[in-house]
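Q: Input: one structure, supplied below.
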Amino acid sequence: MMCRFVCWPRIVAKAGLLGLFFVFSLAGQAQDDGFKAVPILTGSTAYFTRVTAGQYQDAPSVSPLLLLPLGDKWLIEAKGSYSDTFTKNAQGDYNGTISYGMTYGQIDYIANRYMTLVAGRFTTPFNIYGERLAPNWVRALQTSPLTSPVTSGSALGGMVRGGFPTTDSLNLTYALYFSSNNTHHLLATDRSTGGRIGFFLPHQRLEIGASFQQVLQADRPHSSGIFFEWQSDHAPVTVRSEYARSSGTKGSGYWIESVYRLSQISALRRLELVGRGEQFFVASNLSAATIKKLGALGKDTNEADFGMNYYLRSDVRASASYGRQFVLGKNANLWTIGMTYRFVMPMLPQGGAR
Amino acid sequence: MKMRFVLAAFFVAGAMSLAMASSAGTGGSKDAPKDTAAAAAAPAGQADNLAAQKENMHLEGERRFRSNCARCHAAPPKFPPRMMATIVRHMRVRAAITDQDMRLILRYMTE
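Protein sequence lines correspond, in order, to chains A and B.
Here our numbering = 1-based position in the first sequence + 1292.
Here our numbering = 1-based position in the second sequence + 9.
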């Protein structure tokens, strides 16, 4: 009787090894794209001036991303970030605050056409903002959604992910991960697990999906979320939205964003208009001390943002936005203006050769 | 401890089922670009057909690019093929692009 409980971890371990062997044995079907991939250095730089409730900030930043392919199936990705935020104090002087860190450092193994195995530090696969829309050269508005603390984060561990067509008109995407606890001040992660599943209709250009995350330490809060993204086939408009809810102290909320590229007007074809509305609901069981600690996220908040992006080139963009934040007893105006530049360069001199 | 075991079993079961699904799906090789086989079978005089097929592949690649990539960001310039291979591999992982879409997009972006 005892053996049934004592032995089964070994059985799970053996099954795990067998499963991994099975997965790796299918590696012959992995990516073979016909070109020998070369290491590249890419990423973005940005300079933004922000005025938040009358408080001026200037923030130059750089986010380099090293992509190092190994053979046809492996890819090492390492992304760092560095920014220096200058804040104007009451005397009119600027004080600088440096922040830096590693956004992710992961190794990917394309096991087969349906599955990629990821190990290392990676962005938590929760909804779509953190993984896809967060880079400042991608995001349509430079202000992050109020639900960012729920939907964004990093993990240290392993992940299985991929996407494959189930029919001609439906692709299934998935990600499952496990993260260990790490207390390093720059690379802190929680012990957690979770995943995301998405359904992408390529003809309708519509993706809908759901995410779940369970923290396995401290108060063991869980989070869940849903998202959708749709792009019209008849007009250059994109609509995307996320909803996220946490059982812990992070509250819940949603945002919906619309992006319209004026490509149908030749004189304005480089201009993009953006609008976003969002609501954030603070967790109901917070103590006064926790509310104070959470700051802006300690109260229910409504926010509306409007912005524009002008593409000087495909990789250079000027952006400006205005937002109004409605918080009980403390409404605020949010202004941003600045530029982003996305760079891509080969790490080998023969990068352009076939 | 029990939670750890349940999670381990969950991952193992997931990996096994996906691996089996992939091995079952490879027989038909429906995801492989079809022009290679067609090119081998075509007589020399059917150059027009090949040109039409190439055009179709181009249009299909553009469609996949628009539906997968342009949802999130503006179209980048076309980089050299070996750089593009790295970028597409990165985006395959990050945006969960299917193998078939990745191949068509890479082809489209390197033509």
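Cβ coordinates follow ideal geometry from the N, Cα and C atoms, glycine included.
Against chain A, does Asp57 (chain B) count as a neighbour if the rule is that its beta carbon must be under 7 angstroms from one of theirs?
A: No, no contact with chain A.
Q: Looking at the structure shown, is Val1298 (chain A) part of a helix, part of a strand, or coil, going by DSSP?
A: With a pLDDT of 49 at Val1298 (chain A), under the threshold of 50, the modelled position of this residue cannot be trusted; read the value that follows with caution. Correct three-state label for Val1298 (chain A): helix.
Q: For the alpha helix (DSSP H) containing Phe1418 (chain A), name the first residue and the last one.
A: Unbroken run through Phe1418 (chain A): none, as it is neither H nor E.
Q: For Asn1623 (chain A), does the three-state DSSP call read helix, strand or coil?
A: Three-state DSSP puts Asn1623 (chain A) in coil, outside helix and strand.
Q: Would Val102 (chain B) and Thr1408 (chain A) be called neighbours here (beta carbons separated by less than 7 angstroms)?
A: Their beta carbons are under 7 angstroms apart, which means Val102 (chain B) touches Thr1408 (chain A) by this criterion.
Q: For Arg1609 (chain A), I'd like the list of residues in its chain whose CB is within less than 6 angstroms of its CB, leaving aside the five on either flank, ordered along the chain.
A: Cβ neighbours of Arg1609 (chain A) beyond the five flanking positions: Asn1601, Tyr1603 and Thr1632.
Q: Thinking just about the alpha-carbon of each residue, which of A:Gly1569, A:Val1574, A:Trp1522 and A:Ser1555 is nearest to the one in Ser1539 (chain A)?
A: Nearest C-alpha to Ser1539 (chain A): A:Val1574.
Q: Assign Ile96 (chain B) to one of three DSSP states: helix, strand, or coil.
A: Reduced to three states, the DSSP call for Ile96 (chain B) is helix.
Q: Is Ala61 (chain B) near the ligand ADP, going by C-beta to nearest heavy atom under 6 angstroms?
A: Only the bare structure without any ligand can be found here, which leaves the ligand ADP out of the picture.
Q: In chain order, which alpha helix (DSSP H) runs of at least 4 residues are fully inside the region 1572-1625 of chain A?
A: With a minimum length of 4 residues, the continuous alpha helix (DSSP H) runs that stay inside the region 1572-1625 of chain A are 1580-1586.
Q: Determine the burial state of Val1529 (chain A): buried for a count of at least 16 other Cβ atoms within 10 Å of its Cβ, exposed for fewer.
A: Exposed, since its Cβ has fewer than 16 Cβ neighbours within 10 Å.
Q: Give the interface partners of Gln62 (chain B) over in chain A, defined as CB-CB distance under 7 angstroms, in chain order.
A: Neighbours of Gln62 (chain B) on chain A: none; closest Cβ ~17 angstroms, over 7 angstroms.
Q: Can you find a CB in chain A that lies within less than 7 angstroms of the CB of Met118 (chain B)?
A: Output row for Met118 (chain B): interface = no.
Q: Under the DSSP definition of a beta bridge, which residues are partnered with His1514 (chain A)?
A: Its beta-bridge partners are A:Gln1506.
Q: According to a CB-to-CB cut-off of less than 9 angstroms, which residues of the region 70-98 of chain B neighbour chain A?
A: Going along the region 70-98 of chain B in chain order, one finds Arg72, Arg73, Arg75, Ser76, Asn77, Ala79, Arg80, Cys81, His82, Ala83, Ala84, Pro85, Pro86, Phe88, Pro89, Pro90, Arg91, Met92, Met93, Ala94, Thr95, Ile96, Val97 and Arg98 with a Cβ nearer than 9 angstroms to chain A.
Q: Using a 10 Å radius around the Cβ and a threshold of 16 neighbouring Cβ atoms, would you call Glu1595 (chain A) buried or exposed?
A: Burial call: buried.
Q: In chain B, which residues lie with their C-beta within 8 angstroms of the C-beta of Gly1490 (chain A)?
A: Ordered by position in chain B, the residues that pass the 8 angstroms Cβ test against Gly1490 (chain A) are Ala105.
Q: Please state the DSSP three-state secondary structure of Ile114 (chain B).
A: DSSP places Ile114 (chain B) in helix when its eight states are reduced to three.
Q: Measuring alpha carbon to alpha carbon, tell me which residue in A:Gly1363, A:Pro1361, A:Tyr1396 and A:Tyr1348 is nearest Gln1383 (chain A).
A: That would be A:Tyr1348, whose Cα lies nearest to the Cα of Gln1383 (chain A).
Q: When you check each C-beta in the region 1420-1438 of chain A against every C-beta of chain B, which residues fall closer than 8 angstroms?
A: Those would be Glu1423, Arg1424, Leu1425, Trp1429 and Val1430, in chain order.
Q: Name the two residues that bound the continuous beta strand (DSSP E) containing Phe1456 (chain A).
A: Where Phe1456 (chain A) is concerned, the enclosing beta strand (DSSP E) stretches over Ser1446 to Thr1459.
Q: Could you give the residue range of the beta strand (DSSP E) that holds Arg1342 (chain A)?
A: Ile1332 to Thr1344 is the span of the beta strand (DSSP E), which, as asked, contains Arg1342 (chain A).
Q: To which residues of the same chain is Arg1467 (chain A) closer than 7 angstroms at the C-beta, ignoring the five residues directly before and after it?
A: Per the sequence shown, the amino acid found at residue 1467 (chain A) is Ala instead of Arg. For Ala1467 (chain A), where only same-chain residues beyond five positions count, the Cβ hits under 7 angstroms are Pro1417, Met1451, Arg1453, Gly1487 and Arg1488.
Q: So which of A:Leu1578, A:Phe1572, A:Trp1522 and A:Ser1544 has the shortest CA-CA distance to Tyr1552 (chain A)?
A: Closest by alpha carbon: A:Trp1522.
Q: Would a check of beta-carbon distances place Val1551 (chain A) closer than 7 angstroms to chain B?
A: It does not; no Cβ of chain B falls within 7 angstroms.
Q: How about Ile1500 (chain A): is its C-beta nearer than 7 angstroms to some C-beta of chain B?
A: Not one chain B Cβ lies under 7 angstroms of Ile1500 (chain A).
Q: Using C-beta distances below 6 angstroms, list every residue in its chain close to Met1649 (chain A), excluding the 5 sequence neighbours before and after it, in chain order.
A: In the structure as shown, chain A starts at 1293 and stops at 1646, and residue 1649 (chain A) therefore has no counterpart that could be examined.
Q: What span of residues does the beta strand (DSSP E) with Leu1468 (chain A) cover, start to end?
A: It spans Leu1462 to Ser1471 - the beta strand (DSSP E) in which Leu1468 (chain A) sits, taken as one unbroken run.
Q: Please state if the CB of Arg1532 (chain A) and the CB of Ser1336 (chain A) are separated by a distance shorter than 7 angstroms.
A: No, the pair does not count as a contact, with Cβ atoms beyond the cut-off.
Q: Quick one: does Thr1408 (chain A) have its CB under 7 angstroms from some CB of chain B?
A: Chain B contact via Cβ: present.
Q: Assuming Phe1327 (chain A) contacts Arg91 (chain B) under a Cβ cut-off of 8 angstroms, what Cβ separation, rounded to an integer in Å, is found between them?
A: With 8 angstroms as the limit, Phe1327 (chain A) and Arg91 (chain B) qualify as a contact, their Cβ atoms being about 5 angstroms apart.
Q: State the DSSP-derived secondary structure class of Phe88 (chain B), mapped to helix, strand or coil.
A: Three-state DSSP puts Phe88 (chain B) in coil, outside helix and strand.
Q: Going by beta carbon distance, what residues of the same chain come within less than 6 angstroms of Phe1598 (chain A), once the five residues before and after it are set aside?
A: Counting only Cβ-Cβ distances below 6 angstroms, and skipping sequence neighbours, we find Gly1567 and Tyr1614.
Q: Taking C-alpha atoms, which residue in A:Phe1491, A:Ala1612 and A:Asp1525 lies nearest to Asn1419 (chain A)?
A: For the residues A:Phe1491, A:Ala1612 and A:Asp1525, the minimum Cα distance to Asn1419 (chain A) belongs to A:Phe1491.
Q: Given that Lys1328 (chain A) touches chain B, what residues does it touch there, using C-beta distances under 8 angstroms?
A: Chain B residues near Lys1328 (chain A): Arg91 and Ala94.
Q: Just the Cα atoms here: how many angstroms apart are Leu113 (chain B) and Glu120 (chain B)?
A: Going from the Cα of Leu113 (chain B) to the Cα of Glu120 (chain B) covers about 11 angstroms.
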